[in-house]
Structure formats: structure tokens, C-alpha cells
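The numbers in the sequence shown follow this note's numbering, run straight up by one, and end at 1010.
Beta carbons are placed, not taken as given, at the ideal position from N, Cα and C, and that holds for glycine.
This report concerns only the one structure given below.
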Amino acid sequence: MIRIMVVEDEKAIRLGIVSMIEQMELHVSVMGSFANGLEAVQFLSKQAVDVIITDISMPRMDGFELAEHVRLTYPETSIIILSGYNQFDYVRHALRSGVSDYLVKPVNKKELHQVLQKLINQRLQERIRKGHTTDLLLKSYLAGELKIDQLEVLWESFSTFSGCAIPCVFVVCKAKQTIPLTISQTSPRDTIIPEMMACTLTPNLHLYIVFGVGDIEALAQKIGGDETVIRGISSVISRFEDWPRGYSEAISAYCLQWHNGDKLRIIPYLEANYHRSEITMMVSQIDSLLQNSSKWMDRQELNKLKDQLFLRARRIQIHWSDLCRVLGYLLYQMRMRISDATNRSLHPQPDANELELQLCEHTVLQDVFHDIFDRMDRMLGEMELEPGSYERKVVSTVKKKIEQTYNREIELSELASQVYLTANYVSFLFRKETGMTITEYMIDLRVTKAKELLLNQLEMKTYEVGQAVGYPDAAYFNRLFKKVVGTTPRMYREQTQITQMPN
């Protein structure tokens, strides 16, 4: 995954570049976008990125100053300079500042795609030069972090296996518990003993890819060996393109030790025998808690959720991959709400693949839940929120959205989506904090805006004022205005003009 930052003082251009990148079929992620180099430097002190796309002319710190800072402080980070000036002096200055490429505004999507693709390819080549090529690229591929069209180097590394169907099985076990040496990578092809490749997943876990296997039961007998070793075995994988599936199956099988009570040592992968609605129910339990601010900040409520999720997971004997999705969703949503409530970014957390590998190192299902909920408890401990501050933040966000869109119809669900809560709960919080309903607040705001237009835009007819504040029906606007103000829009304009005339 290539992490990108966009720095551009013109908001429309900045958002346009971010949108272009997000639409590209590249394995990249925009980590942030900022209006000047100083904001970018502050972000870089907390979060590393791989590529920075920056304008030249910006307030506070321009693109050249940013590039120089990055070159000295983060030499591994690539810089792409943007400018509206298609002049050689700017290009030469940019190249001297250590930038990787230069684009002229307005940015062409195809050119930007080519530049990013080139940087991705360069980074793959850098991995090769640094050594450990096979291990790094293989782990990235198995984890779904590389695409087939980006794997030319990896294809070359596995030229023996690419382009033809060679059956293989993936085996996961503790790092110190290796597969018996009778399965050797140097074994000749024409023997019954398959070849093998090893890959270190974590300091505690190893992955073995055993080739030439057509019968999993026979392989299980061959590697049975030490009765204290727990090994998870995938189904037979025939195509290189399916290796990520074999990797996932082997870890899922290994993690079924959570449920088997140490009765099995060689655990084959089996499809889940529970209905997908079980996973949907677990996600619904999470949403039920997160949609109420008084609950998701309450540690007792979180413990109740942990118990509910654990009991369901144990009852259905949940697969590792499903548990990762459920708990990963919970952790991500929790971070989003805490970040929104505190107006600050949290300390970096493991990416999805790293988190999944950390979870699979546990040997007891309950330890997995303790791990995740301990992380959440620490995050809550760092919030330092005053009582009621989150509720005030929710209402403030809703008010801001209404003020931006008061002149059109807006559904309550749209407002609720801004704060990740249910519509009913947003209505409850809004009335509790303001003493009025959202509808009453919107009417009051529209009438206030109508008053301003009636007095300051004398060329506008009263029905045009109504349309401008969100009431296309002139008769309804007149009735509503009179109900709130006590007089019609026309009379309000005339009376106010008279009272403001000099004596």
C-alpha cells in the first residue's frame, strides 16, 4: 500500500486531486490533504507517508521549503511538485530539491496515474535491492497488498510455479515448531516427498508452502511428528493466483485451535458451518452500542458488548477471517468516533493485515477479545472529554450542516450520517441541548435569513426571497413568515424601512 499526502492551498484543486487518486485502480491510499506545507509537516511528525504531491506557491511554507524539509528529515519519501508555471527554472529548482517528478496544473488524470505507477514500480525495485525480496513481496501478495499486474518481479521469483498448475498446501504453525526435515526444498521433483517454501509471518508464526501435494490426509500423516505442535492446513491450491486464499485458509485452520480444546494437532481448513446472519448480528450489536454516545463511552457497556460478542463467537466457532472483520470493524468505528469527539488524530494503530496477524497469535479466543477491548479502553482513557462535550460536538456539527444546506430540503438521516448516529438519537440530543427540535431550528434559521434578504436585497421580490431560503411555495412562505414574525414578508420590509428612515 502506497500512502499519499496532497498539499495544495486551493481547496477545489486539492479535493480534485484526491478524488482522481481515489478513483484510480492502484493500491494507494490518501492519508491526508492540507492547505500549506506547515500543516503537512505537522502531520508528518505523527504519520509517515510514501508520496507527497505538493503545490509550489503556498502560504506559510511553500512547496520547495516542504520538499527540502522532507529530503532532510524523511529521505525515503517521494515528492511530486505541482505548479501552474510551465517554466524550466521551476523544473530545475524542483529537481534540485530532490523531487521525484513534476506536473503542470491543471493536473491530467492520465499523467498523474503514470507518475504514481512509476513510483510504485520504483518502490518494488527498491525492495529487491534491499534484499529479502521473496519474503517481503510474498507476504505482501498473500495479504492482498499487491495486485497481479504489479507482480512482474514476484512472477520472476516464482517462475517455476507461474503459468502452470502445481498443487500446493499452506501450513501455519508456531515459528519454533518447524515441519520435519523429511520435507525438504532440495528434494527432487520425481520423488513422493514434496518441495517446500518457508515464509516468516511474525516473530512467532511461520508459513510453509508445500508443493506437489494432492492428498491432504497423506500430508497430515507425513508432518504429524511432534504431538505438541499445532498446525493449520489449507485446502489444495492449484493456481498461483489463489495463493492468498490458501494463506487465509491456513491461518483460519490454525486459529480453530481456539475451539477444539487442544484435541487436534493437525487442523484442516473447513468451510464455516454457521449462517452469514450470525456475523450480521454481531455487527448489529456493535452498531447498537456505537449509535448512542452515552453507551460507547461507558466502559460497563463496552464490557457487556464484549461478553455478547464472545459468547456468540464461541457458540458458532467463528472463523479467524470473520472474527477479524467483526473486531476490525469495531476498532475502526471506535477510533472514528473518538477522533471526531476530540478533534484530533489518535496514535497510529496497526494496519488491517498486521492486526489480523496479531490476533491469530493468541491461543485462546477470550484472549483475542481481551486484546481488542484493552486497546479500546486505552483509547477511551486518552479522550479526556468533559461531561457533555461529545453531545455538544454532535449538535454543533448538525447545526453547521443545516446552516450549509438550509436553502434545500434535507433529510434527518443525512444529518445523522454526519455524526455516525441514528436519526432518533440525533433528534433527542438536539432537543436536549438547544430546547428546540431540528425542524424548529431550521424554520428559525430560514426566517432569519429571509429577514436579512428582505432588508439587504431590495431588488428581490418576496417570493424570490422565499425560494432563496428553501420555500418555493410563495403562499406557504407568507403564512409561515407571518406565523413566526407576526407580519407578512412585504409588510415586514415596508415597516422596517419606515422605522429606519431618518427623522
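When DSSP states are grouped into helix, strand and coil, residue 520 belongs to the helix group.
Sixteen is the threshold: when 16 or more other Cβ atoms of the shown chains lie within 10 Å of the Cβ of residue 608, as they do, the residue is buried. Scanning the stretch 918–974 from its first residue to its last, the whole alpha helix (DSSP H) runs of 4-plus residues come out as 919–924, 930–941 and 945–963. Taking the Cα of residue 992 as reference, the smallest distance to any Cα among 977, 974, 950 and 976 is reached at 950. Here the stretch 544–559 makes contact with the stretch 510–523; the two share three or more CB pairs at distances below 8 angstroms. Exclusion of the five residues before and after residue 840 leaves 797 as the residues of its chain whose Cβ lies within less than 6 angstroms of its Cβ. A check of alpha carbon separations from residue 531 across 617, 539, 544 and 517 identifies 617 as the nearest. In this structure the stretch 959–968 does not touch the stretch 906–926; the number of beta carbon pairs closer than 8 angstroms is below three. For the pair residue 823 and residue 868, the CB atoms are not nearer than the 9 angstroms cut-off. Between residue 765 and residue 870, the C-beta spacing is below 9 angstroms. Counting only runs of 4 or more residues that sit fully inside the stretch 783–862, the alpha helix (DSSP H) segments are 784–797, 800–803, 806–823 and 827–849, in chain order. Excluding residues up to 5 positions away in sequence, 944 lie with their Cβ nearer than 7 angstroms to the Cβ of residue 938 in the same chain. For residue 703, DSSP records a beta bridge to 717. Cα atoms of residue 585 and residue 523: separation of roughly 21 angstroms, rounded to the nearest angstrom.
Going by beta carbons, residue 527 and residue 614 fall inside the 9 angstroms limit. The beta carbon of residue 625 is closer than 8 angstroms to those of 608 in its chain, skipping five residues each way along the sequence.
Rounded to the nearest whole angstrom, the C-alpha separation of residue 872 and residue 821 is 8 angstroms.
In the DSSP assignment, residue 608 falls within the beta strand (DSSP E) that extends over 608–611. Counted as a single uninterrupted DSSP element, the alpha helix (DSSP H) harbouring residue 907 occupies residues 896–912.
With fewer than 16 other Cβ atoms inside 10 Å of its own Cβ, residue 801 counts as exposed. Judged by DSSP secondary structure, residue 755 falls within the alpha helix (DSSP H) whose first and last residues are 750–762. Under the three-state reduction of DSSP, residue 738 is assigned to strand.
Counting the other CB atoms within 10 Å of its CB gives residue 844 a total of 16 or more, which places it among the buried residues. Within 10 angstroms of the beta-carbon of residue 710 lie fewer than 16 other beta-carbons, which makes it exposed. Counting only the Cα atoms, residue 578 lies some 44 angstroms from residue 717. Contact check for residue 975 and residue 931: beta-carbon distance about 31 angstroms, past the 8 angstroms limit, so the pair fails to qualify. Our two residues, residue 885 and residue 804, have alpha carbons roughly 12 angstroms apart in a direct line.
Relative to residue 713, the option among 704, 680, 814 and 676 whose CA is nearest is 680. Looking at the backbone, the Cα of residue 517 and that of residue 546 are separated by about 14 angstroms.
Counting other Cβ atoms within 10 Å of its Cβ, residue 646 reaches 16 or more and is therefore classed as buried. For residue 872, the three-state secondary structure derived from DSSP is helix. By the neighbour-count criterion, in which a residue is buried when 16 or more other Cβ atoms sit within 10 angstroms of its Cβ, residue 888 is exposed. Classified as buried, residue 715 has 16 or more neighbouring CB atoms from the shown chains inside 10 Å of its CB.
The C-alpha of residue 763 is placed about 20 angstroms away from the C-alpha of residue 649.
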